[in-house]
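The numbering of the sequence shown is our numbering, which starts it at 120 and goes up by one. Just so it is clear, CB atoms sit at the ideal spot from N, CA and C, and this is done for glycine as well. On a predicted model such as this, the values are computed, not experimentally measured, just so you know. Notes follow once the structure below has been shown.
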Amino acid sequence: MNEYWDILIAAFTVISLIIILFTFVHPLNARQLLIIYIFDSVVVIFLAIDFCIRVRASPQKLRYVISHCYEFPAMLPLALFGFLDTFAVTNNPVLSFKLIALFRLVRLYNLVRYIRGKEIFLLTGIAAVTIIFGAVGTYFAESQNPNANITTLDNAFWYAIETITTVAYGEYYPVTPIGRLISSLLMFAAIGILWTLVGLVGSSVIAKRIKVAPVGLVDETKTVIKNRIDDVEKLSEEEVEVLITMIRSLSNRTSAK
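Here it is in structure tokens:
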């Protein structure tokens with residue numbers, strides 16, 4: 120899969136998540152909803168094309184489809200739920216939007232594995248999106264409860280940041296079942312992000328060492344050859360043969376590159 124295509128899909132997914140978040144916290148008129156529905160439909164088309172490309176490239180197509188069935192809800196357009204809400208088919212369209220956002224967030228996590236060299240940037244974006252949706256979800260779940268201490272968006276964002284960074288001071292905590300469920304998801308997301316970051320840093324260090332090692336060996340070989348050539352008149356026949364072999368080996372390595 121082309122790396123730039125993956126980046127494009129990731130960008131569309133992030134934008135769609137931000138738009139879904141915007142629909143939670145800001146009332147929209149009919150014209151604004153129409154613009155959002157059109158853009159979201161474009162995102163869905165790209166997600167569907169991306170899914171079809173990956174299925175076609177997989178040697179085990181049916182198994183791939185089954186193992187990635189979680190992506191189907193992510194490809195449902197927001198306009199569909201807006202249409203169903205018009206006819207009172209869905210009792211809670213906001214909950215439907217949250218479910219779409221959740222599955223698209225899962226798809227975004229999955230994309231990180233396929234994009235090379237941009238993982239840290241994408242991981243930061245995923246952490247930010249997770250904090251945003253965790254905070255908004257916690258706010259909606261907790262703010263109406265009389266026993267809750269997370270009553271404002273400020274409290275919810277601070278709580279989400281504490282949870283995702285695994286540094287919890289304990290002054291805010293959820294009391295509702297939905298709030299605790301969201302909190303659990305944030306904790307698991309924090310563990311996943313932390314271990315992914317550790318893996319990325321570790322693999323980056325190893326990759327740099329692997330790249331540096333051959334270069335250091337080549338430089339060392341060149342230095343040995345130069346020193347031997349300076350004292351070529353003192354070398355025995357066997358040492359001359361070894362020198363010639365080293366030169367040929369170095370030449371073959373250079374030409375292979």
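Flag this pair as touching only if the region 337-349 and the region 281-300 have three or more C-beta atom pairs under 8 Å; answer yes or no. Result no; under three Cβ-Cβ pairs closer than 8 Å.
Where do the N-terminal and C-terminal ends of the alpha helix (DSSP H) with S160 fall, by residue? That run of the alpha helix (DSSP H) goes A149 to A176.
Can you find at least 3 beta carbon pairs, one from the region 259-277 and one from the region 304-312, that sit closer than 8 Å? Short answer: they don't touch.
If you draw a straight line from the C-alpha of V320 to the C-alpha of I239, how long is it? Those two C-alpha atoms are separated by around 9 Å.
Nearest-angstrom Cα distance between A130 and F158? Rounded to the nearest whole angstrom, the C-alpha separation of A130 and F158 is 13 Å.
Whole angstroms are fine: how far does the CA of M194 sit from the CA of A167? Between A167 and M194, the alpha-carbon positions lie close to 7 Å from each other.
Span of the alpha helix (DSSP H) around Y278: For Y278, the enclosing alpha helix (DSSP H) has its first and last residue at L272 to I283.
Can you tell me whether V286 is helix, strand or coil according to DSSP? Correct three-state label for V286: coil.
Start-to-end residues for the alpha helix (DSSP H) that takes in N181: A small correction: the amino acid at residue 181 is Leu; Asn does not occupy that position in the sequence shown. That run of the alpha helix (DSSP H) goes K180 to S186.
List the endpoints of the continuous alpha helix (DSSP H) containing P192. P192 -> alpha helix (DSSP H) spans E190 to A193.
Could you check whether A260 and T295 sit closer than 7 Å to each other, using their CB atoms as the reference points? Against a cut-off of 7 Å, the Cβ pair of A260 and T295 comes out as a contact.
Between which residues of its own chain and V208 is the CB-CB distance below 8 Å, once the five residues before and five after are set aside? Caution applies to V208, whose pLDDT of 45 falls short of 50 and renders its modelled position unreliable; the value that the coordinates give is listed next. Cβ-Cβ distances below 8 Å link V208 to nothing in the same chain once the five nearest sequence neighbours on each side are left out.
Taking W314 as the reference, give the member of I325, V174, T284 and P178 with the closest Cα. It is T284.
When DSSP labels each residue in this structure, what does N266 get in the three-state scheme? Here N266 carries a coil assignment [DSSP, helix/strand/coil].
Leaving out the 5 sequence neighbours to the left and right, which residues in its chain are closer than 7 Å to S160 when beta-carbon positions are compared? Taken in chain order, the residues that qualify are P196 and A198.
Which of the three DSSP states is assigned to V359 in this structure? V359: helix per DSSP, three-state reduction.
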